[in-house]
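J.: Listed in order, the protein sequences are those of chains A and B.
Under the working numbering, the residues of the first sequence are numbered 8 to 349, in order.
Under the working numbering, the residues of the second sequence are numbered 1380 to 1883, in order.
Note that beta-carbon positions come from the ideal geometry of N, C-alpha and C, so glycine has one too.
For clarity, every value in this text was computed on a predicted model and none was experimentally measured.
Right, I'll just put the structure down here and ask away after.
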Amino acid sequence: MNSAASRVLGVLRSREMGILLAFLLVVVLGTLKNPSFVFSKDGWHDLLITPSILLVVAVGQAIVIITRNVDLSVGSMLGLTAYLAGTIFVKYPSIPWQLVFLIGLAFGGFLGLINGALVGYGKVPAMVITLGTLYAYRGINVAWTGSNRINADQIPQGLQAVGNNSILGIPILTIIALVILLVAAWYMRNMRSGREMYAIGSDPDAAELYGLAKRRRVITAFVVSGAMSGLAGVLYTARYATINSQAGYGFELDAIGAAVIGGVAIVGGSGTVVGAAIGAFLLYTINRALPVIGIPDFWQKAVVGALILGAIVLDRVLAVRQSRKLRETKVETTNETKEVAA
Amino acid sequence: MNSPQLQPVLQLTGVSKSFGSVVALRTADLALFGGSIHALVGENGAGKSTLVKIMAGLYHRDSGSMEIDGQVVNFRTTAEAKAAGIAVIYQEPTLFPDLSVTENVFMGRQPMGRFRRIDRAAMRAEVVRLLDGLGVRIDPDRPADGLSIADQQIIEIAKAISLDARVLIMDEPTAALSGIEVERLFAVARNLRDEGRALLFISHRFDEVFELCDTITVMRDGSYISTSPIATTSVPEIVRLMVGREVTELFPKTVVPIGEPVLEVSHLTRPGVFSDISLTVRSGEIVALAGLVGAGRSEVARAVFGVDPYTSGTVTVRGKRLSSHDTTAAMAAGIALVPEDRRKQGLVLDSTVSTNVTDAVRRTIDTFGLISKRQENSFAQSWARKLEVKTAALDSTAGTLSGGNQQKVVLAKWLASNPKVLIIDEPTRGIDVGTKSEVHRMMCELAGDGMAILMISSELPEVLGMADRVLVMHEGRLTADIPRDKATPETVMFAATHAGEEVA
């Protein structure tokens, strides 16, 4: 088999392909029931824009999980950054709105740096550290916001246009999310530091023996996750233009869910950001498709739960099957060696 | 073969290393030459592993010098040692299971193209070339997960070659390999030697050492003993050098009458771990189970006590047969096990001394299932006094005690259950000399009271000083049963390093 064909086959067999097919299945079912699910201006727009903010957060989350950590504070970072962005527009109405993207990235990155430094130097599991910052960041948000709320008339029209308009039929938010996805996927596949994140998540002790810069990579992963959450906060402001102290509440579970459904192993070392992105699409599209298909609202959470469990069971089955296959190939090669020796 | 060069590639002189008050290395000397395979041998605890870790950059020496090509080096990280051309192949390599063979070889130093992008094609081609050069067939694209230990070692060697390592250290690489895999590894090692690299081969198997190596260095008790060409030495000579110390420490061994068999183990087998183990321990007898680390001694003890299952054979205590994998039955029959790792397996470190002492006898001191602090303390008090546990209060936590006193608490815990058979694994590891002899005295007293004691020990003086009989294990089998008057360092060490011929 030539290498191009085997590569095509590899893509077809990959975990991401399975998730993509599940996503397409949901879309087809929804469309059969109600053609406007896809074939209407609103349907198409909603299909693409709904998962876009989650996609950005899930990419950061996937990178953290790949290093065998987890970031529970993404929802709180998103909310805090969104409120910061709104406050900036209230206080400095003349600020160019484009600048707020950079501020969001930087502020989110700073919050992520706090997470990363605590995990890297504190020797405390990330789950505990980020559970703490989940509450801490949200607490700061609540104390700062109070019962205040930022409204659409305080947000620049230019930013709101980014949040709701399309270019060539594709929402600008989706385009931003896809660009981020491409950059992250390229980085994780082709840069040494990206591969080292996989290595660290695969076996932290071996990473130590290899002399990899473990702490630096883990901190980087958290900074990226924070920056993505910060950017998502700005995108949230652009899309909804209404911000109170509860923006992004519970978002961390959606982000982890998207990554896990997308094939990012919770124990680190395997999975891709592309998988997590497709997971985000699947997760939110199912939420929208269930009422269309006629499944009552209160079943939605259960279906999402089943999806996550299904993804984990599938992972297990695939892992068992693969390790069996690998062991069999080992036996074969051992036999060959024996023949050579004899 | 290239003729060995005159200047050593790697030279260590007078290297020492201590951990707290424990001296792991006193004066280690070693000189490795290109084009040579050098053997390093010594008993357990002779300091070989510490020396390897110093060369690998994991530990930092306290004193002495380490030179590469005559230049003094001070490694602070494993990466620095690697950069200087030193590669270590451990007994069980640590690879990244999720990543491909290719990525494992090149992790952290992948070839890069434009925009610092990893050049995957070049990387794969290089791995294919390396594996071909080693004469092995391993798919470079498969994940490392599921590779045999032998294949994992080959990948480590491929890594070392791609680093152009000039010194390869192999720390007991053959321990987990089958015969055919050993042959393959040796063929690779000879090729590397012929390329002019320096190899250090650490092994307990003398037949392999004499087959593969050209020079041999012996270490004992953290010190350098001798270096000689393989051609001018012999196995008995090396064994004498390895153990050749006087048994100077005093053991309070008292002669007690030996009674009926209490523990009888026959043909106990657990495939791949130990096989066909038969032994008898009589009342009043101390039987030592000697052998090298990894010979399967602790595993036998765990199987007898019912922690691990066994597939065939029997364990009998005072005529009553125990079922496999049943610790409750073993305890009821009167077996007590003092494990090797007392901090992890013998004690609840966060609990108080009195709770620990009463842990094994909770059933006997309770009232309707409840245990009052007062009952617990009064019970523990009597044992603590008997064993002279030095602790401020019985309700201080066990983790704060010294190693020796922790060992006494573990002993107290089991003695409180009034056992007939005491299995004690490395009774004095990590204990200071003073407390050591107290533990030994205690064991003699217990034997005097008619207890049957099976002692696992890696310290030869302890084995020779304490035991009425010495059983020796080698790679999962008993290779010798030596009575006290015949036991010498040489006979024990010989049996520990040879597959047994003399055992009936």
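Grab me the residues of GLU1625(B)'s own chain with a C-beta within less than 8 angstroms of its C-beta, minus the 5 sequence neighbours each way, in chain order.
T.: The residue labelled residue 1625(B) in the question sits at position 246 within the second sequence. Because GLU1625(B) sits at a pLDDT of 47, beneath the cut-off of 50, its placement in the model cannot be relied upon, and the following sentence gives the value as read from the coordinates. Correct list: empty, nothing qualifies.
J.: Which of helix, strand or coil does DSSP assign to VAL1727(B)?
T.: The residue given as residue 1727(B) occupies position 348 in the second sequence. Coil.
J.: Which class does SER59(A) belong to by DSSP, given the choice of helix, strand or coil?
T.: The residue given as residue 59(A) occupies position 52 in the first sequence. Helix at SER59(A).
J.: In the stretch 1529-1598 of chain B, which residue ranges form an unbroken alpha helix (DSSP H) of at least 4 residues, counting only runs that do not cross its ends?
T.: Counting only runs of 4 or more, we get 1558-1573 and 1585-1591.
J.: How about the stretch 1590-1609 of chain B and the stretch 1405-1415 of chain B: do they share at least three Cβ pairs that are nearer than 8 angstroms?
T.: The stretch 1590-1609 of chain B is in contact with the stretch 1405-1415 of chain B.
J.: Does the distance from the CB of MET1434(B) to the CB of ALA1407(B) come in under 8 angstroms?
T.: In the second sequence, residue 1434(B) corresponds to position 55, counting from 1. In the second sequence, residue 1407(B) corresponds to position 28, counting from 1. It is not a contact, given that the beta carbons lie outside the stated cut-off.
J.: Verify whether the separation of the beta carbon atoms of VAL1768(B) and VAL1788(B) is less than 8 angstroms.
T.: Position 389 of the second sequence holds residue 1768(B). Position 409 of the second sequence holds residue 1788(B). Yes, these two residues count as a Cβ contact at 8 angstroms.
J.: List, in chain order, every chain B residue whose beta-carbon is nearer than 9 angstroms to that of ASP304(A).
T.: As a working mapping, residue 304(A) is identified with position 297 in the first sequence. What ASP304(A) touches in chain B: nothing, since even the nearest Cβ is about 39 angstroms away.
J.: Going by beta carbon distance, what residues of the same chain come within less than 7 angstroms of VAL63(A), once the five residues before and after it are set aside?
T.: Against the first sequence, residue 63(A) aligns to sequence position 56. If we look at VAL63(A) and ignore the five residues flanking it on each side, its Cβ neighbours are ALA184, ILE187, MET235, LEU238, ALA239 and LEU242.
J.: Give a yes or no on whether 8 angstroms exceeds the smallest Cβ distance from THR1553(B) to chain A.
T.: Position 174 of the second sequence holds residue 1553(B). False, the Cβ-Cβ gap to chain A never drops below 8 angstroms.
J.: Closest by CA to VAL1644(B), which one among LYS1427(B), ASP1655(B) and GLU1854(B)?
T.: Residue numbering aside, residue 1644(B) sits at position 265 when the second sequence is read from its first letter. Per the Cα distances, ASP1655(B).
J.: In angstroms with no decimal places, state the Cα-to-Cα distance between THR1627(B) and TYR1689(B).
T.: Locating residue 1627(B) in the second sequence gives position 248, counting from the first residue. Locating residue 1689(B) in the second sequence gives position 310, counting from the first residue. In this predicted model, THR1627(B) has a pLDDT of only 45, less than 50, meaning its place in the structure is not dependable; the value taken from the coordinates is given anyway. The alpha-carbon atoms of THR1627(B) and TYR1689(B) are separated by roughly 39 angstroms.
J.: Tell me the DSSP secondary structure of LYS1799(B) in three-state form.
T.: In the second sequence, the residue the question calls residue 1799(B) occupies position 420. Three-state result, LYS1799(B): coil.
J.: For ASN294(A), which option in GLN307(A), ILE300(A), ALA284(A) and ILE285(A) has the closest C-alpha, if you only look at C-alpha atoms?
T.: Here residue 294(A) corresponds to residue number 287 of the first sequence, with the count starting at 1. ASN294(A) has its Cα closest to that of GLN307(A), out of GLN307(A), ILE300(A), ALA284(A) and ILE285(A).
J.: Exposed or buried, TYR217(A), counting other C-beta atoms within 10 Å across all chains shown (16 or more means buried)?
T.: Taking the first residue of the first sequence as 1, we reach residue 217(A) at position 210. So TYR217(A) counts as buried.
J.: When every heavy atom of the ligand GTP is checked, does at least one fall within less than 7 angstroms of the C-beta of GLY257(A)?
T.: The model depicted lacks the ligand GTP and carries no ligand whatsoever.
J.: Between ALA1682(B) and ARG1649(B), which are expected to be in contact by the criterion C-beta below 8 angstroms, what is the C-beta distance as a whole number of angstroms?
T.: Taking the first residue of the second sequence as 1, we reach residue 1682(B) at position 303. Taking the first residue of the second sequence as 1, we reach residue 1649(B) at position 270. Yes, they are in contact, since the Cβ atoms of ALA1682(B) and ARG1649(B) sit about 6 angstroms apart, within 8 angstroms.
J.: For GLY1675(B), count neighbouring C-beta atoms within 10 Å of its own C-beta (all shown protein chains included) and say buried if the count is 16 or more, exposed if not.
T.: Here the question's residue 1675(B) lines up with position 296 in the second sequence. Result: buried.
J.: Give the residues from the stretch 183-217 of chain A that approach chain B closer than 7 angstroms (Cβ to any Cβ), ordered along the chain.
T.: Within the stretch 183-217 of chain A, the residues whose Cβ lies closer than 7 angstroms to some Cβ of chain B are ASN197, MET198, ARG199, ARG202, GLU203, TYR205, ALA206, SER209, ASP210, ASP212, ALA213, LEU216 and TYR217, listed in chain order.
J.: What first and last residue would you give for the alpha helix (DSSP H) that runs through SER236(A)?
T.: Position 229 of the first sequence, counting from 1, holds the residue named residue 236(A). Here the alpha helix (DSSP H) through SER236(A) covers 221-247.
J.: Whether or not the stretch 1609-1620 of chain B and the stretch 1857-1873 of chain B are in contact is what I'm after, with contact meaning three or more pairs of Cβ atoms, one per stretch, closer than 8 angstroms; do they touch?
T.: Because the criterion of three Cβ pairs below 8 angstroms is met, the stretch 1857-1873 of chain B and the stretch 1609-1620 of chain B touch.
J.: Starting from GLY1335(B), follow the beta strand (DSSP E) in both directions and report where the run begins and ends.
T.: No statement about residue 1335(B) is possible, as the shown extent of chain B runs from 1380 to 1883 and does not include it.
J.: Mapping DSSP to helix, strand and coil, what is ALA1777(B)?
T.: Position 398 of the second sequence, counting from 1, holds the residue named residue 1777(B). In this structure, ALA1777(B) counts as helix in the three-state DSSP scheme.
J.: For ARG1521(B), which of GLY1844(B), SER1479(B) and VAL1515(B) has the nearest alpha-carbon?
T.: In the second sequence, the residue the question calls residue 1521(B) occupies position 142. Selected option, being the one with the closest Cα: SER1479(B).
J.: Does the distance from the CB of VAL1641(B) to the CB of VAL1842(B) come in under 8 angstroms?
T.: Numbered from its first residue, the second sequence carries residue 1641(B) at position 262. Numbered from its first residue, the second sequence carries residue 1842(B) at position 463. No, the pair does not count as a contact, with Cβ atoms beyond the cut-off.
J.: Identify the continuous beta strand (DSSP E) that holds ILE1750(B) and give its terminal residues.
T.: In the second sequence, the residue the question calls residue 1750(B) occupies position 371. No beta strand (DSSP E) contains ILE1750(B), which DSSP labels as neither H nor E.
J.: Taking 8 angstroms as the threshold (beta carbon to beta carbon), is GLY276(A) in contact with chain B?
T.: The residue you call residue 276(A) lines up with position 269 of the first sequence. Yes - at least one Cβ of chain B is within 8 angstroms of the one on GLY276(A).
J.: Taking C-beta pairs closer than 8 angstroms, name the residues in chain A that ARG1496(B) reaches, listed in chain order.
T.: Position 117 of the second sequence, counting from 1, holds the residue named residue 1496(B). Chain A residues near ARG1496(B): ASN197 and MET198.
J.: So, with DSSP's three-state summary, where would you put ASP1720(B)?
T.: Sequence index remark: in the second sequence, residue 1720(B) carries index 341 (1-based). ASP1720(B): coil per DSSP, three-state reduction.
J.: Which bits of chain A does PRO1636(B) rub up against, with CB to CB less than 9 angstroms?
T.: On the second sequence, residue 1636(B) is found 257 positions in, with the first residue counted as 1. Within 9 angstroms Cβ-Cβ: nothing; PRO1636(B) doesn't reach chain A, min ~52 angstroms.
J.: Going along chain C in order, which residues have a C-beta closer than 9 angstroms to the C-beta of LEU219(A)?
T.: Among the protein chains of the structure shown, namely A and B, there is no chain C.
J.: Under a three-way DSSP split, which group does LEU1509(B) fall into?
T.: Start at 1 with the first residue of the second sequence, and residue 1509(B) comes out as number 130. Residue state, collapsed to three classes: helix.
J.: Could you tell me the alpha carbon to alpha carbon distance between LYS1723(B) and ILE1468(B), rounded to whole angstroms?
T.: Here residue 1723(B) is taken as the residue at index 344 of the second sequence, counted from 1. Here residue 1468(B) is taken as the residue at index 89 of the second sequence, counted from 1. The straight-line gap from Cα to Cα measures roughly 28 angstroms.
J.: Is ASN1735(B) close to chain A? Criterion is C-beta to C-beta, closer than 8 angstroms.
T.: As a position in the second sequence, residue 1735(B) is number 356, starting the count at 1. Chain A, which has no Cβ nearer than 8 angstroms to the Cβ of ASN1735(B), makes this no.
J.: Answer yes or no: does any C-beta atom of chain A fall closer than 8 angstroms to that of PRO1476(B)?
T.: Here residue 1476(B) is taken as the residue at index 97 of the second sequence, counted from 1. PRO1476(B) counts as touching chain A.
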